[in-house]
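Undergrad: Per the UniProt record's numbering, residue 1 is the first one in the sequence shown, and the count goes up by one each step.
From the three backbone atoms N, C-alpha and C, an ideal C-beta is built for every residue, glycine too.
Here the structure is a predicted model, which means the values were calculated and not measured.
Sharing a structure below in structure tokens format, with a few things to ask.
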Amino acid sequence: MAGVCRAEIDTDVKCAPHKFYEMMKYSLHHLPTIWPEGYTDAQILEGDGTCEGDLRLWTYILPGTTEKVTVRARTTKQDDENMIIVLAADEGSDLHAHYKHFTATVKISPKGDGSLVTWIVEFEKHHHEVPDPHLYLALFNKLTEKVDGHVHKDAICKGEIETEVKCDPHKFYECIKYSLHHLPTIFPEAYTDCKLLEGDGKSQGSLRQWKYLLPGSNEEMTVRARTTVQDDEKMVIALCVEEGSSIHENYKHFTAIIQVNPKGKGCSVKWTVEFEKHSDEIPDPHVYLELFDKLNEKVDEHLHKK
Numbered sequence: 001m002a003g004v005c006r007a008e009i010d011t012d013v014k015c016a017p018h019k020f021y022e023m024m025k026y027s028l029h030h031l032p033t034i035w036p037e038g039y040t041d042a043q044i045l046e047g048d049g050t051c052e053g054d055l056r057l058w059t060y061i062l063p064g065t066t067e068k069v070t071v072r073a074r075t076t077k078q079d080d081e082n083m084i085i086v087l088a089a090d091e092g093s094d095l096h097a098h099y100k101h102f103t104a105t106v107k108i109s110p111k112g113d114g115s116l117v118t119w120i121v122e123f124e125k126h127h128h129e130v131p132d133p134h135l136y137l138a139l140f141n142k143l144t145e146k147v148d149g150h151v152h153k154d155a156i157c158k159g160e161i162e163t164e165v166k167c168d169p170h171k172f173y174e175c176i177k178y179s180l181h182h183l184p185t186i187f188p189e190a191y192t193d194c195k196l197l198e199g200d201g202k203s204q205g206s207l208r209q210w211k212y213l214l215p216g217s218n219e220e221m222t223v224r225a226r227t228t229v230q231d232d233e234k235m236v237i238a239l240c241v242e243e244g245s246s247i248h249e250n251y252k253h254f255t256a257i258i259q260v261n262p263k264g265k266g267c268s269v270k271w272t273v274e275f276e277k278h279s280d281e282i283p284d285p286h287v288y289l290e291l292f293d294k295l296n297e298k299v300d301e302h303l304h305k306k
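Written out as structure tokens, the structure is:
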């Protein structure tokens with residue numbers, strides 16, 4: 001087919017390559033759930049939706065348009081070893097109004113801690129005035145991001161602990177907001193050092209580095225954490241762990257969120273930890289929740305001394 005052209009787009013994702021490939025292999029007919037703004041309907045016309053030879057019908061909306069279009073696509077190749085899936089548009093597809101031939105290939109390759117997802121479109125136009133399928137590459141690029149977010153969201157776990165303290169909620173929140181770099185003074189048994197690396201130490205975006213000891217351990221560890229959320233109205237602060245932290249030996253992702261709520265004459269302080277493990281053998285971070293629980297008590301004592 002001399003008239004067949006080729007275009008491709010690469011996207012880096014956080015998801016493990018085998019997980020992304022399995023989503024593409026088993027869940028293509030679930031795209032309306034994963035990305036309802038892009039795919040409004042999907043049906044399996046032939047096969048079971050997991051095998052080479054399956055035929056599906058999707059209704060979708062191309063980026064920057066509002067018109068719903070349909071495509072009937074058959075899985076013509078499914079290479080589990082090389083993580084490649086090829087989908088060929090069949091007769092009855094709206095895109096055949098512009099293209100005689102249209103095939104989309106997705107290939108997933110390991111890259112760093114995540115994956116590289118490559119979409120390759122092979123197409124033959126009816127005539128030269130037909131545009132190249134850049135909108136389809138944009139669609140597949142956005143789809144890649146949505147699948148990554150869907151898989152990554154499923155991989156993120158949560159743990160939380162709540163402590164009641166005597167302190168006024170606004171005073172407790174302000175201490176966390178303004179004094180996180182003073183933890184070695186407030187809780188020296190656990191926090192041995194702190195440095196302010198970026199920002200003023202009291203605003204969203206500030207980056208700090210702490211040295212600390214976990215409960216029951218005498219090994220000094222390091223964490224670099226950036227303030228990614230600081231909501232004064234709701235009294236919520238989120239600290240996202242960055243590269244160079246000891247915790248990344250066990251967790252790909254680790255965010256600690258503190259929320260202070262009025263309760264009686266004092267307040268309730270809730271720590272939520274969102275984390276993704278490197279493997280199932282890694283324990284849940286209960287020891288960090290224990291550390292934060294103890295920190296609540298120390299901050300409360302510190303404020304009552306003043």
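Checking 9 angstroms against the spacing of the C-beta atoms, do I257 and T272 come in under that value?
TA: One-based indexing of the sequence shown puts residue 257 at position 257. One-based indexing of the sequence shown puts residue 272 at position 272. The answer is yes: Cβ separation under 9 angstroms.
Undergrad: Quick one: Cα of E124 to Cα of K100, how far?
TA: Residue numbering aside, residue 124 sits at position 124 when the sequence shown is read from its first letter. Residue numbering aside, residue 100 sits at position 100 when the sequence shown is read from its first letter. So the alpha carbons of these two residues sit roughly 5 angstroms apart.
Undergrad: Can you name the residues that DSSP bridges to I85?
TA: As a working mapping, residue 85 is identified with position 85 in the sequence shown. In the DSSP output, where bridge partners are listed per residue, I85 has Q78 and V106.
Undergrad: In the DSSP output, which residue or residues are listed as bridge partners for V71?
TA: In the sequence shown, the residue the question calls residue 71 occupies position 71. Paired residue(s): W58.
Undergrad: Could you give the distance in angstroms between the alpha-carbon of C157 and the alpha-carbon of S245?
TA: Taking the sequence shown and counting its residues from 1, the one referred to as residue 157 is at position 157. Taking the sequence shown and counting its residues from 1, the one referred to as residue 245 is at position 245. Cα to Cα, C157 sits roughly 19 angstroms from S245.
Undergrad: Determine the direct distance from the alpha carbon of T163 to that of D293, and round the result to whole angstroms.
TA: Along the sequence shown, one-based indexing puts residue 293 at 293. Along the sequence shown, one-based indexing puts residue 163 at 163. Answer to the nearest angstrom: the Cα atoms are 7 angstroms apart.
Undergrad: Just the Cα atoms here: how many angstroms apart are residue 312 and D193?
TA: The first residue shown for the chain is 1 and the last is 306, placing residue 312 beyond what the model contains.
Undergrad: Helix, strand or coil for H127, going by three-state DSSP, please let me know.
TA: Reading the sequence shown from its first residue, position 127 is the one you call residue 127. Three-state DSSP puts H127 in coil, outside helix and strand.
Undergrad: Output the distance between the C-alpha atoms of V13 and R226, rounded to the nearest integer angstrom.
TA: Within the sequence shown, numbered from 1, the residue matching residue 13 stands at position 13. Within the sequence shown, numbered from 1, the residue matching residue 226 stands at position 226. Spanning the two alpha carbons is a distance of roughly 21 angstroms.
Undergrad: Less than 9 angstroms between the beta carbons of T76 and Y60, yes or no?
TA: If you number the sequence shown from 1, residue 76 lands on position 76. If you number the sequence shown from 1, residue 60 lands on position 60. Cβ distance not < 9 angstroms, so T76 and Y60 don't count as in contact.
Undergrad: Give every residue of the same chain whose Cβ lies closer than 8 angstroms to the Cβ of E8, excluding the five residues on either side of it in the sequence, and list them in chain order.
TA: Walking along the sequence shown from the start, residue 8 turns up at place 8. Excluding residues within five positions, the ones whose Cβ falls inside 8 angstroms are T118, W119, I120, V121 and L137.
Undergrad: Just how far apart, CA to CA, sit P131 and E37?
TA: Counting from one through the sequence shown, the residue named residue 131 turns up at place 131. Counting from one through the sequence shown, the residue named residue 37 turns up at place 37. Cα to Cα, P131 sits roughly 24 angstroms from E37.
Undergrad: Go through its chain and collect everything with a Cβ distance to M1's Cβ below 7 angstroms, but skip five positions before and after it.
TA: Numbered from 1 along the sequence shown, position 1 holds the residue referred to as residue 1. Since pLDDT at M1 reaches only 44, below the 50 mark, its modelled position is unreliable, and no value is offered.
Undergrad: Kindly indicate the opening and closing residues of the alpha helix (DSSP H) around K298.
TA: As a position in the sequence shown, residue 298 is number 298, starting the count at 1. H286 to K305 is the extent of the alpha helix (DSSP H) around K298.
Undergrad: So within the region 4-52, which uninterrupted beta strand (DSSP E) runs reach at least 3 residues, ignoring any that extend past its ends?
TA: Listed in chain order, they are 5-13 and 39-46.
Undergrad: Can you name, in chain order, every residue of its own chain whose Cβ lies under 6 angstroms from the Cβ of T144, other than the five neighbours on each side?
TA: Sequence index remark: in the sequence shown, residue 144 carries index 144 (1-based). T11 and V117, listed in sequence order.
Undergrad: So V229 packs on V223, CB below 8 angstroms; how close in whole Å?
TA: By one-based count along the sequence shown, residue 229 stands at place 229. By one-based count along the sequence shown, residue 223 stands at place 223. Not confirmed; about 17 angstroms, so no contact.
Undergrad: Please list the segments of the alpha helix (DSSP H) lying wholly inside the UniProt domain "Bet v I/Major latex protein" (156-306), counting only runs of 4 or more residues, in order along the chain.
TA: DSSP runs (the alpha helix (DSSP H)) wholly in the UniProt domain "Bet v I/Major latex protein" (156-306): 169-179, 183-186 and 286-305.
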